[in-house]
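Just so you know, the sequences run in chain order A and B. FYI, this note's numbering numbers position 71 of the first sequence as 75, with every residue one higher than the one before it. FYI, this note's numbering numbers position 210 of the second sequence as 536, with every residue one higher than the one before it.
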Amino acid sequence: MTDISTGTAQDWNAPEVRSNLRRRHRGERWLRGIGLAAILTAFAVLVILLGSLTASGYKAFSQTFITLDVPVSADRVKPDRIAAANWRGVMQDAVAAMFPDATDAERKVLAAIPSSVAQFAVRDRVLADPALIGQTVTVSVPVSDPFDQLHKGLIDRATPEENRRLKDAEIAAFDRLVEAGKVALRPNWALVTSADSRFPELAGLRGALIGSFYALLTCFVISFPIGIGAAIYLEEFAPKNRLSDLIEININNLAAVPSVVFGLLGLAVFLGWFGLPRSAPFVGGLVLALMTLPTIIIATRAALKAVPPSIREAALGIGASRQQVVFQHVLPLAMPGILTGTIIGLAQALGETAPLLLIGMNAFITAAPATPFDAATALPTQIFIWADSPERGFVSRTSAAILVLLGFLILMNGLAIFLRNRFERRW
Amino acid sequence: MDDARLAERAVTTGEVKISARKAQVYYGETHAIRDVDVDILDKTVTAFIGPSGCGKSTFLRCLNRMNDTIPNCRVEGRITLDGEDIYDRSVDPVQLRARVGMVFQKPNPFPKSIYENVAYGPRIHGMARTKADLDQIVESCLRRAALWNEAKDRLDEPGTGLSGGQQQRLCIARAIATSPEVLLMDEPCSALDPIATAQVEELIDELRANFSVVIVTHSMQQAARVSQRTAFFHLGNLVEYGETGQIFTNPRDPRTESYITGRIG
Ligand SMILES: Nc1ncnc2c1ncn2[C@@H]1O[C@H](COP(=O)(O)OP(=O)(O)OP(=O)(O)O)[C@@H](O)[C@H]1O
Ligand SMILES: [Mg+2]
């Protein structure tokens, strides 16, 4: 066939050929070793992070409850003025009834063990059913935070009394309740069903979860269509010239702008000029949309670029309009990539804290927002608030809240991977 | 080649369908097509031959304005379809491409079902009023593209799951489904076996009854078998254009002669 002469044939057993081969194999082993080490390091860091969070956070997933039999005496509670009755006195009666031999001082200590909501729990029961006056109401309420800590073993009884959060008398009183079988550890559903509170034993993430949901919803509703629209225009219709290059550079820059800057922008524009309400998840969502927009545009453009040009040619070649090409052929093929990018963008937005702090989503709000325009916190800002709170009970709650946030992030990223694998097309 | 058969063949050709005058194509600074003057006749198969990279595909794509989609591509000169300048502002490229169909060099079925691939064109151009009409179009196009027997039991499977040759026949079926007046085929048989090639050639011959067909091919035998007129391109120039019999038996230009006898290419 060919008359090209390569001189002598290659001697595959020559020492220099073999050593060359050995060197190449060694290089490959090195590369694999380094890659493996990198993965293991990353994995170890992740395990440490999750491990420490779980170690400090798992205690917040349970809560110490106390069961109280509360006699609602007709002396203290008048049927026509139920709400204004001396409920604190009612609670003290209950403690006194439980331990008839206790001294006044002991009773005071004992009455401080149930969380301050206990009296309201009883009051609400009686308000709902005034027939209970004169009878005994049994309620199960959280104990206040220091006793919760004690019961979970977070307060060391061996510490000298003056350095301890609870005095000997308080511990003794609590132990009497434990002996009486009135105390139990139960799953802490309040962590997700209650809003924030000054009292750790009552504080929950409901407000933050709903706030984050509204903020992400707003963010999605705004950034998804605008992002896809912008990407389609830039990728499929815009002429390639200096102007489109400039726009592209700016979008990429926008993606790299620190989030706190978007927060300042939101503060100045949405709150300052447009006069939108402070601390509202809707405004948070607007700010997050500004941040997510470049991510979605970039992901969408990459997904559109990955659709082979031959598909566009095929459709154009049988007389499809540009719009039909995009919406009937290119976009469906790019959708998995677009959705993946969007979900990752939203996951980023979910964890974003700084811009939300700037628009006031770190306010102390004890009611879950009913609409996106009510003041609320979000998951990351709630974590920020709790991490800043002095009460011991917030330490484990902070970790627990972080675990909840991470759980949502893992869920979202898992969804992204699922969508990618499920709808990935080959051509 | 059977010269005697070529020379004897009766050539029945129609009116001028597409005409190009001083057509130039530039890719940025590259001058890919120079001064091409050609009249493509109706009810005729015209073959474009020439060495690789000489601009056959480029010129073919000018005829249905597919070059519009290449950002740095510029077309000059005058190209008319039925006497109307196709690069005129009043001409809608979308409608033009329905009238001038195309089969690409590389098979490019949509990643949709076989049925959808063929039905897409008639559907967007509103050619079928009922589902039955559409079924009818799909079946006849697949039959004419010699794919019906292989595809009839798997119409709902993706077109991309077919073999390379089957994909190309699917693309042919898709292109003829819009009943174009002119069909441009860029090496439609390069991925086909001899049997499928023969079927496609039969189809081309059949299409000639109503349409004008332009086919790019690297096979001299194929050009001789299916075409009535042949254009030889070389380095962006149209070197020679005439009746196929004359080009293959009695070329006027020495370059044409060297190419068809296998000395350049
Ligand atoms: N998109 C493009 N951008 C720049 N130059 C191009 C482009 N497409 C084709 N060309 C150039 O134009 C010339 C003609 O290419 P064309 O594809 O028309 O050749 P061809 O005759 O179809 O070749 P083949 O037989 O190999 O398909 C070549 O030199 C090629 O490099
Ligand atoms: Mg070509």
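Built from N, CA and C at the ideal position, the CB exists for glycine as well.
- Selection Phe217/A, Asp97/A, Val126/A and Phe124/A evaluated against Leu114/A yields Asp97/A as nearest (Cα-Cα).
- DSSP, read as helix, strand or coil, puts Cys380/B in coil.
- For ligand 1, no non-hydrogen atom lies closer than 8 Å to the CB of His333/A.
- Distance from the Cα of Phe103/A is smallest, within the candidate group Val121/A, Val74/A, Ser56/A and Ala374/A, for Val74/A.
- In the pairwise beta carbon analysis, the region 347–361 of chain A is classified as not touching the region 241–252 of chain A: fewer than three pairs are separated by under 8 Å.
- A residue is called buried once 16 or more other Cβ atoms fall within 10 Å of its Cβ, and Lys343/B is buried on that count.
- Taking 9 Å as the threshold, the shortest C-beta distance from Leu337/A to chain B falls below it.
- Here Val99/A is not near Arg80/A, since their CB atoms are 9 Å or more apart.
- Within chain A, no C-beta atom comes nearer than 8 Å to that of Tyr441/B; the closest sits roughly 15 Å away.
- CA-to-CA, the gap between Glu442/B and Val464/B works out to about 9 Å.
- Not one heavy atom of ligand 2 is found less than 8 Å from the C-beta of Val408/A.
- Shown here for Ile255/A: same chain residues with a beta carbon closer than 6 Å to its own, the five before and five after excluded, namely Pro298 and Ile301 in chain order.
- A check of alpha carbon separations from Ser60/A across Arg129/A, Ala391/A and Arg161/A identifies Ala391/A as the nearest.
- Cβ neighbours of Arg396/A within its own chain (closer than 6 Å, five residues either side excluded): Gln153.
- From the listed residues Leu335/A, Pro285/A and Phe412/A, the smallest Cα separation to Phe427/A is found for Leu335/A.
- Taking 8 Å as the cut-off, the C-beta of Glu566/B does not count as close to any heavy atom of ligand 2.
- Inter-segment contact for the region 535–547 of chain B and the region 364–374 of chain B is present: three or more beta-carbon pairs are separated by less than 8 Å.
- Cβ proximity to chain A below 7 Å picks out Arg500, Ala501 and Thr504 from the region 487–509 of chain B.
- Between Gly289/A and Leu220/A, the alpha-carbon positions lie close to 6 Å from each other.
- Not one heavy atom of ligand 1 falls within 8 Å of the beta-carbon of Thr370/B.
- Contact between Ile440/B and Gly485/B holds, with the beta-carbon distance rounding to 5 Å and staying under 8 Å.
- The alpha-carbon separation between Gly379/B and Arg387/B amounts to approximately 14 Å.
- Listed by position along the chain, the residues with Cβ atoms less than 7 Å from a non-hydrogen atom of ligand 2 are Lys382/B, Ser383/B, Gln431/B, Asp512/B, Glu513/B and Val542/B.
- Residues of the region 341–352 of chain A with a Cβ closer than 8 Å to any Cβ of chain B: none.
- For ligand 1, a non-hydrogen atom lies closer than 8 Å to the CB of Ala358/B.
- Counting only runs of at least 4 residues, the region 446–493 of chain B fully encloses the following alpha helix (DSSP H) elements, listed from N- to C-terminal order: 457–470 and 474–477.
- Neighbours of Ala424/B in chain A, taken as residues at a C-beta separation under 8 Å, are given in chain order as Ile322 and Gly323.
- Between ligand 1 and Cys380/B, a heavy atom-to-CB distance of less than 8 Å is present.
- Contact fails between the region 327–346 of chain A and the region 268–284 of chain A, because fewer than three Cβ pairs, one in each stretch, are under 8 Å apart.
- Taking the Cβ of Ile396/B as the reference point, at least one heavy atom of ligand 1 falls within a distance shorter than 8 Å.
- Arg401/A is the residue among Pro376/A, Ala379/A and Arg401/A whose C-alpha sits nearest the C-alpha of Phe388/A.
- By the CB criterion at 9 Å, Val417/B and Leu564/B fall outside the cutoff.
- Look at Gly562/B: its beta carbon is less than 8 Å from one of the heavy atoms in ligand 1.
- For Cys399/B, the closest of Thr523/B, Pro437/B, Glu355/B and Leu422/B by C-alpha to C-alpha distance is Glu355/B.
- In the assembly as shown, Leu44/A is an exposed residue. Its beta-carbon has fewer than 16 other beta-carbons within 10 Å.
- With three or more CB-CB distances shorter than 8 Å, the region 468–481 of chain B counts as touching the region 490–499 of chain B.
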